[in-house]
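Scroll down for the structure; my scribbles are underneath it.
In this note's numbering, the protein residues as written are 18 to 558.
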C-alpha cells in the first residue's frame with residue numbers, strides 16, 4: 018500500500034492511507050482554473066466519491082485487527098478529529114468575513130459616542146487597508162464539539178481558543194496564587210457561550226487583547242464582533258422583557274472594558290452610563306451572579322484607573338472573609354500601628370490611611386501565597402478585595418466635594434494605584450498604559466512642600482512614578498528622587514531604607530527596573546551636581 022502510516026497504540030492497529038492526487042491538464046478542452054482538482058480512487062474496490070466537493074486528498078481507514086480494548090475508540094476519535102480539521106482547513110472557512118448569525122445588520126459609518134447603543138455598523142470587508150488579526154492557530158480546536166449561538170468558522174474557533182488559553186492568563190498573570198482563574202471558570206465560560214451578544218462580546222475582548230499585544234488598536238475582528246454585539250443589543254432595547262438580562266449587561270461590560278483599554282474614554286463613559294441605568298432599572302442588583310457583578314465592577318474600575326477618574330458604579334462589600342485572613346494576626350496589628358503612624362505623620366487623611374493599610378494586608382497575602390504552595394487564594398475574595406481597594410482609592414476625592422483635595426492625599430492615592438497595577442502584572446495594560454496616572458502624580462508632587470515629616474512618603478511616591486514612567490518621561494521623577502533622598506539621607510540602592518518598603522516592596526513589584534532607576538539617579542546627580550534645597554521650600558525643577 019502506498020504511503021501507509023501505522024498508528025500502533027496498545028490496542029488495535031489502524032492504518033491511515035493518504036491517496037494524493039495530482040492535477041492533470043485536459044487534452045480535450047483548454048485548461049481552465051478550478052478550485053478543486055479532480056481525484057480518482059486510489060485503489061480498486063473503493064466506494065465512489067461524491068463529485069460535489071472532490072477534495073485534494075482522501076483518506077482510507079483500514080482496521081487490521083478486531084478492537085479488543087477501550088483504547089481503540091480513543092484512537093478512532095483522534096483520527097476523525099484530524100480528518101475533520103484537515104477538511105475544515107481546505108473547505109470549511111467562510112470567505113470574506115464572518116457569516117451573519119442573529120439579525121440583519123445595516124451597514125453605515127463607524128460607531129459614534131452620541132446615543133447609547135445606537136451605533137451604525139461597519140462591514141468587515143469594507144475596512145480597506147486595516148490589517149486583520151493574526152490569530153495564532155491552535156493544534157485542533159478544543160471547542161469544536163460544543164454548540165454555539167453564532168456561526169462558527171475556523172477563524173472564530175481560533176479566536177475563542179486564544180481567549181481561553183492566552184487572554185485569561187494575560188489578564189490574570191498572578192493566577193499561580195489563585196485557586197482558579199475567574200476567566201477560565203466553567204461558570205463563566207458557560208455564561209459566555211450561551212448567548213449571542215455575550216459570545217460576540219467575548220470574541221471582541223479577545224480581539225482587543227490580541228491587537229494590543231501586536232501593537233495595534235484596531236483590526237477587522239474588533240470591528241466585526243463589536244458591531245455584531247451592538248446590533249444585537251440594539252434589537253433587545255426594543256424588547257422590555259429581555260434588554261436587562263444578565264447576558265446583555267455582561268456584553269455591555271465587555272464593550273466598556275474594550276473601549277477603556279483601547280484609549281477611548283468617551284465611549285467607555287457612554288457604555289458605563291448606559292450600564293448604570295440598566296442596573297438601576299432592575300432595582301436590586303443582589304440578583305446578579307457574583308462573577309457577573311465582579312465583571313461589571315472590573316469594567317468600571319479599569320476604565321477609571323486608566324483615566325484617573327471616579328468610578329460610576331457603587332460598590333457594596335460582602336461579609337465574606339477577606340483575602341488576608343491567612344496573614345498572622347500579629348503582623349496585621351503591627352502593620353496597622355506602624356503604617357498608620359507613618360502616613361498620618363505625613364498628613365494623609367484617615368480614610369486613605371485605612372485603605373493603604375488594607376492594601377498592605379492585600380500585598381502581604383499575595384506574598385505569602387506566592388512563596389508557599391500550601392496557601393491558595395480564593396478568586397472571589399481576591400477580586401472583591403482588589404476592586405474594593407481600587408474603588409476606595411479612586412472615590413476618595415468625593416470626601417472633598419466642598420473643598421480642594423489636599424495634594425498629599427491625591428499623591429498618595431495615585432502612587433498606590435500605580436503600585437497595585439505593578440504587583441498584579443496585568444498584560445497588556447491598555448493603549449494609554451500608566452501615562453495619565455504618572456502625569457497626575459507629577460503635577461501633584463510639584464505642588465507639595467517637602468518636609469522632614471513627609472520626605473519618606475514623597476521619596477517612595479517619586480520612585481513609583483519613575484518606575485511606572487517610560488524612559489523619556491522618567492527624568493523629572495529622577496530629579497525629584499535625588500532631592501528627596503538627599504533630605505531623607507537615603508543611600509542609593511538602599512530601597513529598604515525607605516520605611517514604606519517594609520509594607521510596599523518596590524523591588525518585588527518592579528524587579529530589576531529598580532536598579533536601573535537607582536543608576537539613573539546616581540548618573541543624574543553626578544552630572545547636574547549638588548542642588549540647593551532647603552527643608553520646607555517648594556521643589557521647582
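Positions of the beta carbon are idealized from the N, C-alpha and C atoms, including for glycine.
Compare the beta carbon distance of residue 402 and residue 340 with 8 Å and say whether it is the shorter of the two. Indexing the chain shown from 1 puts residue 402 at position 385. Indexing the chain shown from 1 puts residue 340 at position 323. Their beta carbons are under 8 Å apart, which means residue 402 touches residue 340 by this criterion.
How many Å lie between residue 456 and residue 179 at the Cα? Residue mapping note: residue 456 aligns to position 439 of the chain shown, counting from 1. Residue mapping note: residue 179 aligns to position 162 of the chain shown, counting from 1. Distance between the alpha carbons of residue 456 and residue 179: 34 Å.
When the Cα of residue 275 is compared with those of 365, 226, 542, which residue comes out closest? For this step, residue 275 is matched to residue 258 along the chain shown. The option with the nearest alpha carbon to residue 275 is 226.
Should residue 204 and residue 308 be called a contact, given that it needs their Cβ atoms to be closer than 8 Å? What you label residue 204 is simply residue 187 of the chain shown in a count that begins at 1. What you label residue 308 is simply residue 291 of the chain shown in a count that begins at 1. Contact flag set, yes.
What are the boundary residues of the alpha helix (DSSP H) that includes residue 179? The residue labelled residue 179 in the question sits at position 162 within the chain shown. Residues 171-179.
Whether residue 504 touches residue 538 by CB criterion (8 Å): In the chain shown, residue 504 corresponds to position 487, counting from 1. In the chain shown, residue 538 corresponds to position 521, counting from 1. Cβ distance not < 8 Å, so residue 504 and residue 538 don't count as in contact.
Given a threshold of 16 other Cβ atoms within 10 Å of its Cβ, counted over all protein chains shown, does residue 338 qualify as buried or as exposed? The residue given as residue 338 occupies position 321 in the chain shown. So residue 338 counts as exposed.
Rounding to the nearest angstrom, what Cα-Cα distance links residue 523 and residue 170 in this structure? Here residue 523 is taken as the residue at index 506 of the chain shown, counted from 1. Here residue 170 is taken as the residue at index 153 of the chain shown, counted from 1. Roughly 46 Å between the two C-alpha positions.
Give the DSSP-derived three-state secondary structure of residue 221 in the structure shown. Counted from its first residue, the chain shown places residue 221 at position 204. Reduced to three states, the DSSP call for residue 221 is helix.
Beta carbon of residue 462, beta carbon of residue 434: below 8 Å? For this step, residue 462 is matched to residue 445 along the chain shown. For this step, residue 434 is matched to residue 417 along the chain shown. No, the pair does not count as a contact, with Cβ atoms beyond the cut-off.
Throw me the rounded Cβ distance for the residue 386 and residue 394 pair, which I believe falls under 8 Å. Sequence index remark: in the chain shown, residue 386 carries index 369 (1-based). Sequence index remark: in the chain shown, residue 394 carries index 377 (1-based). Yes, residue 386 and residue 394 are in contact; Cβ-Cβ is about 5 Å, under 8 Å.
Buried or exposed: where does residue 273 fall if 16 or more other Cβ atoms within 10 Å of its Cβ makes it buried? Taking the chain shown and counting its residues from 1, one reaches residue 273 at position 256. Residue 273 should be labelled buried.
Beta-bridge partners of residue 394, as assigned by DSSP: Translated into positions along the chain shown, residue 394 becomes position 377. DSSP, once it has assigned bridges, lists 195 as partnering residue 394.
Cut-off 7 Å between Cβ atoms - residues of its own chain near residue 465, not counting five sequence neighbours on either side: The count along the chain shown starts at 1 and reaches residue 465 at position 448. The residues are 424, 425, 428, 475.
Please say whether residue 478 and residue 432 have beta carbons closer to each other than 8 Å? Indexing the chain shown from 1 puts residue 432 at position 415. Indexing the chain shown from 1 puts residue 478 at position 461. Yes, the pair counts as a contact, with Cβ atoms nearer than the cut-off.
Using a Cβ-Cβ cutoff of less than 7 Å, which residues in the same chain neighbour residue 412 once the five nearest sequence positions on both sides are dropped? Walking along the chain shown from the start, residue 412 turns up at place 395. The answer, listed in chain order, is 327, 328.
Quick one: which unbroken beta strand (DSSP E) runs of 3-plus residues sit fully inside the region 353-383? Chain order, please. none
Which first and last residues belong to the alpha helix (DSSP H) in which residue 527 is found? Locating residue 527 in the chain shown gives position 510, where the first residue counts as 1. Start and end: 523-527.
Excluding the five sequence neighbours on either side, which residues of its own chain have a C-beta within less than 7 Å of the C-beta of residue 282, listed in chain order? Looking up residue 282 in the chain shown gives position 265. Same-chain partners within the cutoff: 324.
Which value, in whole angstroms, describes the spacing of the CA atoms of residue 502 and residue 442? By 1-based counting over the chain shown, the position of residue 502 is 485. By 1-based counting over the chain shown, the position of residue 442 is 425. One C-alpha to the other measures close to 27 Å.
Which value, in whole angstroms, describes the spacing of the CA atoms of residue 373 and residue 96? One-based indexing of the chain shown puts residue 373 at position 356. One-based indexing of the chain shown puts residue 96 at position 79. C-alpha separation (whole angstroms): 57 Å.
Could you compute how far the alpha carbon of residue 409 sits from the alpha carbon of residue 210? Within the chain shown, residue 409 is the residue found at index 392, counting from 1. Within the chain shown, residue 210 is the residue found at index 193, counting from 1. Roughly 33 Å separates the two Cα atoms.
Residue interval of the alpha helix (DSSP H) (run including residue 492): The sequence position of residue 492 within the chain shown is 475, counting from 1. Element bounds for residue 492: 492-505.
Span of the alpha helix (DSSP H) holding residue 312? Taking the chain shown and counting its residues from 1, the one referred to as residue 312 is at position 295. Residue 312 -> alpha helix (DSSP H) spans 307-323.
Since residue 361 contacts residue 299 with CB under 8 Å, what's their CB separation in whole angstroms? As a working note, residue 361 is residue 344 in the chain shown. As a working note, residue 299 is residue 282 in the chain shown. In fact, because the Cβ distance is near 41 Å, the residues do not count as touching under 8 Å.
Given this structure, state the Cα-to-Cα distance separating residue 564 from residue 228, to the nearest angstrom. The chain is shown only over 18 to 558; residue 564 falls outside these bounds and no answer can be derived.
Take residue 436 as the anchor and find which of 322, 184, 223 has the nearest alpha-carbon. Position 419 of the chain shown, counted from the start, is the residue given in the question as residue 436. The shortest C-alpha separation from residue 436 is found at 322.
Answer yes or no: do residue 541 and residue 499 have a C-beta to C-beta separation smaller than 8 Å? Locating residue 541 in the chain shown gives position 524, counting from the first residue. Locating residue 499 in the chain shown gives position 482, counting from the first residue. Result yes, Cβ atoms of residue 541 and residue 499 sit closer than 8 Å.
Use the C-beta contact count for residue 65: other C-beta atoms within 10 angstroms, 16 or more gives buried, fewer gives exposed. Mapped onto the chain shown, residue 65 falls at position 48. Its pLDDT being 43, under 50, residue 65 is placed unreliably in this model, and the value from its coordinates should be taken loosely. The residue in question, residue 65, is exposed, as its Cβ has fewer than 16 Cβ neighbours within 10 Å.
What is the rounded straight-line gap between the Cα of residue 471 and the Cα of residue 243? As a position in the chain shown, residue 471 is number 454, starting the count at 1. As a position in the chain shown, residue 243 is number 226, starting the count at 1. Near 48 Å, if we compare the C-alpha coordinates of residue 243 and residue 471.
On the DSSP letters alone, give me the boundaries of the alpha helix (DSSP H) that residue 297 sits inside. Along the chain shown, read from residue 1 onward, the residue named residue 297 stands at position 280. Note, residue 297: alpha helix (DSSP H), 282-298.
Cα-Cα separation between residue 389 and residue 291, rounded to whole angstroms: Here residue 389 refers to the residue found at position 372 when the chain shown is read from its first residue. Here residue 291 refers to the residue found at position 274 when the chain shown is read from its first residue. Residue 389 and residue 291: Cα-Cα distance of roughly 43 Å.
Tell me the DSSP secondary structure of residue 461 in three-state form. In the chain shown, the residue the question calls residue 461 occupies position 444. It is helical.
Close Cβ partners of residue 516 (< 6 Å) along its chain, the five nearest in sequence each way excluded: The residue you call residue 516 lines up with position 499 of the chain shown. Around residue 516: 359, 473.
Identify the continuous alpha helix (DSSP H) that holds residue 446 and give its terminal residues. Along the chain shown, one-based indexing puts residue 446 at 429. Premise fails: residue 446 is in no alpha helix (DSSP H) and is neither H nor E.
Compute the Euclidean distance between the alpha carbons of residue 509 and residue 421, then round it to the nearest angstrom. Your numbering for residue 509 matches position 492 in the chain shown. Your numbering for residue 421 matches position 404 in the chain shown. Straight-line Cα distance between these residues: approximately 35 Å.
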